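Residue numbers (this note's numbering): 2 to 121. Here a beta-carbon is modelled for each residue, glycine too, at the ideal position from N, C-alpha and C. The structure displayed is predicted, hence computed values, not measured ones. Step one of this worksheet: look at the structure below.
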């Protein structure tokens, strides 16, 4: 479940759903499932995640490589946006509560969404 950090309101929509569906449909079911499983595993391990820092810079040989090679036709910028939508999709469909927002680091905007696990 996703909540806006500033308002506390729950978000139930998949942003850029048309683009996400197009990119998702260029993948096999196994490729899609592997990406989701990998993201779920990564998210389970920590309390804070920033989408642009999660995948690393070299996707070659990883489950994320098909995002670049197949979903986004080797477009680096689109691949980053697509990856961010995969992250959003996973957080949106989780049962635990997460908050999200856009932040700065050292006075500069972070190039991705940051997600925080709700503390009890």
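- For residue 11 against residue 23, the beta-carbon gap comes to about 26 Å, at or over 8 Å, which does not count as contact.
- Contact annotation: the stretch 83 to 96 touches the stretch 35 to 53, with at least three C-beta pairs closer than 8 Å.
- Assigned with DSSP and collapsed to three states, residue 117 falls in strand.
- Annotation note: the stretch 4 to 56 contains the following uninterrupted alpha helix (DSSP H) runs of length 4 or greater, listed N- to C-terminal: 18 to 26, 30 to 46.
- For residue 55, the closest alpha carbon among the candidates 102, 7, 98, 87 is that of 87.
- For residue 82, the closest of 20, 50, 99, 7 by C-alpha to C-alpha distance is 20.
- Scanning 78, 100, 65, 99 for the CA closest to the CA of residue 112 turns up 78.
- Within the same chain, Cβ atoms closer than 6 Å to the Cβ of residue 39 are found at 64, the five residues on either side in sequence being excluded.
- Judged by DSSP in its simplified three-state form, residue 100 adopts strand.
- Look at residue 78 here: in three-state DSSP terms it is helix.
- According to the DSSP secondary-structure assignment, residue 105 is paired through a beta bridge with 110.
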